[in-house]
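A quick write-up on the structure given underneath.
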Amino acid sequence: MHNLLSCEFVKLKRKKIFPFALLAAFVFPVLGSALIVGRSSTDFADMMSFAREESGFLLLMPLLVILASNLFFSEQDNDTLKNLLCIPVSKSRLVLVKLLVLLIFSGVFQIVGFAVSTGIAVLYHIPLISLPLQFALTVAIGLLLWAAALPCIVLVIWFNKSYIFSVIIVFFYTLLNYAMRLSDAILMQPLGFNAGTLMPIPMIFRWLYQFNIPAGEIQTAFYNRFSPYFASTSVCFSVLLIEAAACVILMIGIYRRREI
Amino acid sequence: MSDYIIETRNLTKQYGEHNSVAALNIRVKSGRIYGLLGRNGAGKTTTMKMLLNLTRPTSGEVYIFGKNIQGNEKKILPRIGSLIEAPGFYPNLTGTENLKIFAKLRGIPKRNAVKSALEIVGLPYNDKKLFSQYSLGMKQRLAIALAIMHDPELLILDEPINGLDPIGIAEVRSFIRELCDVRGKTILISSHILSEISLLVDDIGIIDHGVLLEEESLAELEDKNGKYIKFIVSDTAQASRILERDFGAKNFTVESNRNLRLYDSNMSVAALNRAFIENGLEVAEALTCEDTLEDYFKRITGGEGIA
């Protein structure tokens, strides 16, 4: 597995899509910091919120799906799958290692965002309050967003279409998830068989929001209204990881059934 | 223990209603080059994919090194080198980088395996040229290097000379021959180019529409290639009657209204010629001929020739 993983990274050599995708990790931390730094109530947690949520929900998740289509289609487009299977490398291991690459990318993307925000905070002498907690939340979001992207990656593999098709799928998936995160009707439902529990981004938001310290009347009112529907760490991780496991099994199944 | 390195038993692959390979029984002996000959679409590649477990058979079994490939892939596949269809490599990497990936995944212990494989096929080691910039011939050479890099006992090569120039073809041919003769490798090679097969292989299997029509050694096949006497006469109908009535011959074919072939080369051409002339026929030509492999291929496939 270690050899397979290191070979996956060698395969990325000279591929511009991965460094460009990583550069995207700078966008929201810089943008968010620019909006926040001048305000009277500048808060490190607000900066981190930009790095985690906007960057994660709007950039990282779609990037993961696009990178996944790149990783999975490259074997097909380059006709290299037959060479791997003749070694033999099992299809399930191949799927797992590609997902592991995506997980590592997700973690690195979030850590880069964290580093950029922290750097800007240091530059502007903003106190780094609860730094370990912020770091832990950032890394956790990397894991959860990877899990959140998997249903979309299943669709991409299932349809086995072009990159353009993947972009279309991910565009709608991201918009749908992000819109649900803003909807009270979706978020404020008890845990159960509903969109607020099963859709990844609303679930992540239900867990993540409890770590915010509300400022101002509107935020405080929303926090109080929303607090009964917060998801605990164990529930959030369990739901997302069970969904991830189901997606991984589906992906392996689809990949194994497909003949060369 | 089977005497054969490869043995298929009623190997069948169906795509919908279409039989791509039908009840195929091929047997490849150890230390020999077996040529699978057939037109494009005859089922050669599908057969090879099933041998390598890349495609599951609809029915039938594949035995390699005496073991069923199903369930023994991890033991069998590392002993095989293969080239199936077009060469498949990562376009953003150089040839050396590509081979290093596969060498690492194969766990090849030999340190200079990549370098020596590239040397054998005449490609430079650590060249900066990316695979995407390779010519078709270079790509094919790299694919052959990949197939031999781990020093396999068995090579399965699907149309290995595709894209090579005439000098490259001759080099690959002599290299494949050497692998078999000097290093004792068993090689299964497919081609739609009859002349190539006839120059290279020890045994031959002719496949058409997924069915194995013939399987024998090249020497046996050449012996079987019918000798015949070709006549160009003024009236083939009358000539046929003379052959049947006066010589009791039945094994002949009328190719056209002036062209007739008699597949009994032991008969006296002079006697036949005299009989035709005495019966008022004009004999423009009387030749003893031998079928080429292509003629034979045409005859047994009942259709057009092959390249």
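Chains as they are written, first to last, in the working numbering: chain P, 64 to 323; chain X, 459 to 765.
Where is the CB? At the ideal position from N, CA and C, for every residue including glycine.
Per DSSP, the continuous beta strand (DSSP E) segment holding X:G518 begins and ends at S517 to I522.
Going by beta carbons, P:A308 and P:V302 fall outside the 9 Å limit. Within the DSSP secondary-structure output, X:L588 pairs in a beta bridge with X:T552. If the five residues before and after P:Q197 are omitted, its C-beta is found closer than 6 Å to the C-beta atoms of M111, all from its own chain and listed in chain order. In the DSSP assignment, X:N468 falls within the unbroken beta strand (DSSP E) covering Y462 to Y473. Around the beta carbon of P:F268, a 10 Å sphere encloses 16 or more other beta carbons of the protein chains shown; the residue is thus reported as buried.
Restricted to the region 197 to 255 of chain P, the alpha helix (DSSP H) segments that are unbroken, complete and at least 4 residues in length are 226 to 244 and 247 to 250, listed in chain order. For the pair X:I690 and X:A742, the CB atoms are nearer than the 9 Å cut-off. When Cβ-Cβ separations below 9 Å define contact, P:L144 makes contact with chain X. Using a C-beta cut-off of 8 Å, the region 198 to 206 of chain P makes no contact with the region 83 to 96 of chain P, since fewer than three inter-stretch Cβ pairs fall below that distance. Against chain X, the CB of P:P82 has no partner CB under 9 Å away; the residue lies outside that interface. The Cβ-Cβ distance between X:N550 and X:S593 does not fall below 9 Å. Burial is judged here by how many other beta carbons sit within 10 angstroms of a residue's own beta carbon; P:W221 has fewer than 16 and is exposed. In this structure X:L615 is in contact with X:A605, their Cβ atoms being roughly 7 Å apart against a cut-off of 8 Å. Contacts with chain X (Cβ-Cβ distance below 7 Å) from the region 251 to 279 of chain P involve no residue at all. If you draw a straight line from the Cα of P:P92 to the Cα of P:F83, it comes to about 16 Å. P:L157 is not a Cβ neighbour of P:V311, given a cutoff of 9 Å. Listed along chain X are L535, P536, F560, L563 and R564, each with a C-beta nearer than 8 Å to that of P:I150.
When C-alpha distances from X:D660 are compared across X:K756, X:K471 and X:L494, the shortest belongs to X:L494. The region 622 to 635 of chain X and the region 549 to 564 of chain X do not touch, with fewer than three beta-carbon pairs separated by less than 8 Å.
The bridge partners DSSP lists for X:N717 are X:I690.
Secondary structure note for P:D140: its alpha helix (DSSP H) is the uninterrupted segment M124 to D140.
Contact of P:L67 with chain X is assigned, a C-beta pair being separated by under 9 Å.
P:I192 is a Cβ neighbour of P:D106, given a cutoff of 9 Å.
Taken through DSSP and simplified to helix, strand or coil, P:H65 comes out as helix. Around the Cβ of P:N146, a 10 Å sphere holds 16 or more other Cβ atoms; the residue is buried.
Just measuring C-alpha positions, the residue of X:K502, X:I522, X:I578 and X:L469 sitting nearest X:P536 is X:I522. A straight line joining the alpha-carbon of P:L144 with that of X:Y462 spans about 28 Å. Listed along chain X, the residues sitting closer than 9 Å to P:V73 by beta-carbon distance are Y548, L551, E555, K558, I559 and K562. The Cβ neighbour count for X:T644, taken over all protein chains shown within 10 Å, is at least 16; the residue is labelled buried.
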